[in-house]
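S.K.: Once you know that position 170 of the sequence shown is 184 in my numbering, the rest is easy, because the numbers rise by one and skip nothing. We put the CB at the ideal spot given by N, CA and C, even for glycine.
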Amino acid sequence: MEDNRSLLLSLTRTCASALLAGTLTLAALSGCSTQQQTSTADEGSAATQTEAGQSQDEAGAAEKEPFQDEASFAQWPDEAIDRHDDASAYAVAELKGWQLETLLQQQQYAWSERNQMWIKEDGSAAVVVLNAQGETLSDDDIAKLEEGVTEAEVSYRIVTSKYSSVKRAFKGLVRDVLTCEDSEIIDGAAIAVCAGPSGKRCLVVIGESNDTIVATVVGEEAVKSGLLETISGKQVGTSIDAAFEAMTGRPVGSVTN
Numbered sequence: 015m016e017d018n019r020s021l022l023l024s025l026t027r028t029c030a031s032a033l034l035a036g037t038l039t040l041a042a043l044s045g046c047s048t049q050q051q052t053s054t055a056d057e058g059s060a061a062t063q064t065e066a067g068q069s070q071d072e073a074g075a076a077e078k079e080p081f082q083d084e085a086s087f088a089q090w091p092d093e094a095i096d097r098h099d100d101a102s103a104y105a106v107a108e109l110k111g112w113q114l115e116t117l118l119q120q121q122q123y124a125w126s127e128r129n130q131m132w133i134k135e136d137g138s139a140a141v142v143v144l145n146a147q148g149e150t151l152s153d154d155d156i157a158k159l160e161e162g163v164t165e166a167e168v169s170y171r172i173v174t175s176k177y178s179s180v181k182r183a184f185k186g187l188v189r190d191v192l193t194c195e196d197s198e199i200i201d202g203a204a205i206a207v208c209a210g211p212s213g214k215r216c217l218v219v220i221g222e223s224n225d226t227i228v229a230t231v232v233g234e235e236a237v238k239s240g241l242l243e244t245i246s247g248k249q250v251g252t253s254i255d256a257a258f259e260a261m262t263g264r265p266v267g268s269v270t271n
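(1) So, under 8 Å CB-CB, residue 156 and residue 115 are touching, yes? Tell me the CB distance rounded to an integer number of Å.
(2) Could you check which residue in 131, 128, 119 and 192 has the C-alpha nearest to that of residue 104?
(3) What are the start and end residues of the beta strand (DSSP E) that includes residue 139?
(4) Quick one: Cα of residue 128 to Cα of residue 102, how far?
(5) Compare the C-alpha of residue 165 against each of 126, 264, 117 and 239 and name the closest.
(6) According to DSSP, is residue 186 helix, strand or coil?
(7) Quick check on DSSP: helix, strand or coil for residue 166?
(8) Would you call residue 96 buried or exposed, if buried means 16 or more other Cβ atoms sit within 10 Å of its Cβ?
(9) Measure from the alpha carbon of residue 224 to the alpha carbon of each residue in 180, 234 and 261, then state which is nearest.
(10) Within the same chain, show all residues whose beta-carbon is closer than 8 Å to that of residue 259, passing over the 5 residues directly before and after it, in chain order.
(11) Run through the DSSP bridge pairs and tell me what residue 250 is partnered with.
(12) Among 190, 232 and 137, whose alpha-carbon lies nearest the alpha-carbon of residue 254?
(13) For residue 172 versus residue 229, is the C-beta spacing smaller than 8 Å?
(14) In its own chain, which residues sit with a C-beta less than 7 Å from the C-beta of residue 117, not counting the 5 before and 5 after it?
(15) Looking only at its own chain, which residues have a Cβ that is under 7 Å from the Cβ of residue 177, when we skip the five neighbours before and after it?
(16) So residue 190 packs on residue 207, CB below 8 Å; how close in whole Å?
(17) Do you know how far the Cα of residue 234 is from the Cα of residue 124?
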C-alpha cells in the first residue's frame, strides 16, 4: 500500500507543481490585490492573500471583455458550480469549452492573457486547461473543445483556496456534483472515479500545495490515450480502472475495511 500512496501523492504533487511552483500563490497568478477570505464555519479561514506586484495596466490588459451574445446569459445546472460559486468538476467534465468559458464569466472569472488561465476576480480560484504536452491552452482553443470527458488530449485543473482540506474540497468540488463510482482519500490526497449525466467517466485527483487545492480532471478518452501516464511520469495504466488500482492498491468498486 505504501507504494500506491507514494504514486498518488507523486501525481498530486506533479499536477500542482506545474501551476504552483515554489511559493507561487493564487494571488500571484491573478496579479491582483485580494482580501482575506472568510469562509463558513465548517471550512475554516483561508489564508490572507496579498497583492502580487503586477501593475494595474498589466492586470487590465490581462482581462478580456465577456462575450456579448445571447449565450452569455445561458443557465447551467446547479452542479456546475460549488457552494462558493466557483466552477466544479461537473463544469469541466460535462460542459463544452465555450459553455465552460461562458459559465466562468458569469461567475466573475476573467481570462488572464499573461497566465493563460481563467482567474476569479478576487484571486481565490482559477481554471486551467492543458494539452498533452502540459502547455496551457488559449481561451480560443478552450472554446473549441467538446465536453471535457470526451477530449483525448487535454486535462483540466481547478485551483482554489476556499477549502481548508482535501477532504472538504473533494466533497464540494466532486462528490456533491458528480456520481462517484468509487473514491479514496490517502494522506491528504484524493482520487475518484466519477461520471455525470453524459454517462462518460472521468478520473479526478485532488492534492494540496502551499494551502491551495488543485483538482485535476482527466476524461476517460484522455486516460486511454496515455495522458495520465504523461502527467505522472509513471506507468499507471491506460484505463481509469487500472489507474485507480495503481494509485489505491485495490480495484474500483472493491470493499475495504
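M.R.: The answer reads as follows:
(1) On the sequence shown, position 142 is the one that residue 156 refers to. On the sequence shown, position 101 is the one that residue 115 refers to. Contact between residue 156 and residue 115 holds: their C-beta atoms lie close to 6 Å from each other, under 8 Å.
(2) Counted from its first residue, the sequence shown places residue 104 at position 90. Ranked by Cα distance from residue 104, the first of 131, 128, 119 and 192 is 192.
(3) For this step, residue 139 is matched to residue 125 along the sequence shown. That run of the beta strand (DSSP E) goes 139-145.
(4) On the sequence shown, residue 128 is found 114 positions in, with the first residue counted as 1. On the sequence shown, residue 102 is found 88 positions in, with the first residue counted as 1. CA-to-CA, the gap between residue 128 and residue 102 works out to about 24 Å.
(5) Mapped onto the sequence shown, residue 165 falls at position 151. Residue 239 is the option with its Cα nearest to residue 165.
(6) Counting from one through the sequence shown, the residue named residue 186 turns up at place 172. When DSSP states are grouped into helix, strand and coil, residue 186 belongs to the helix group.
(7) Stepping through the sequence shown from its first residue, residue 166 is reached at position 152. In the structure shown, residue 166 adopts coil according to DSSP, grouped into three states.
(8) Residue 96 sits at position 82 when you count from the first residue of the sequence shown. Classification of residue 96: buried, given that the 10 Å Cβ count is 16 or more.
(9) Start at 1 with the first residue of the sequence shown, and residue 224 comes out as number 210. Nearest C-alpha to residue 224: 180.
(10) Working through the sequence shown from its first residue, we reach residue 259 at position 245. If we look at residue 259 and ignore the five residues flanking it on each side, its Cβ neighbours are 251, 265 and 266.
(11) The sequence position of residue 250 within the sequence shown is 236, counting from 1. Per DSSP, none; premise fails for residue 250.
(12) The residue labelled residue 254 in the question sits at position 240 within the sequence shown. When 190, 232 and 137 are compared, the shortest CA-CA separation from residue 254 is found for 232.
(13) In the sequence shown, the residue the question calls residue 172 occupies position 158. In the sequence shown, the residue the question calls residue 229 occupies position 215. At the C-beta level, residue 172 and residue 229 come within 8 Å of one another.
(14) By one-based count along the sequence shown, residue 117 stands at place 103. Excluding positions up to five away in sequence, the list reads 90, 94, 101, 105 and 109.
(15) For this step, residue 177 is matched to residue 163 along the sequence shown. Its chain contains 57, 183, 186 and 227 as the residues whose beta carbon lies nearer than 7 Å to that of residue 177, once the 5 sequence neighbours on both sides are disregarded; these appear in chain order.
(16) Along the sequence shown, read from residue 1 onward, the residue named residue 190 stands at position 176. Along the sequence shown, read from residue 1 onward, the residue named residue 207 stands at position 193. No, residue 190 and residue 207 are not in contact; Cβ-Cβ is about 16 Å, not under 8 Å.
(17) By one-based count along the sequence shown, residue 124 stands at place 110. By one-based count along the sequence shown, residue 234 stands at place 220. Between residue 124 and residue 234, the C-alpha separation is close to 29 Å.
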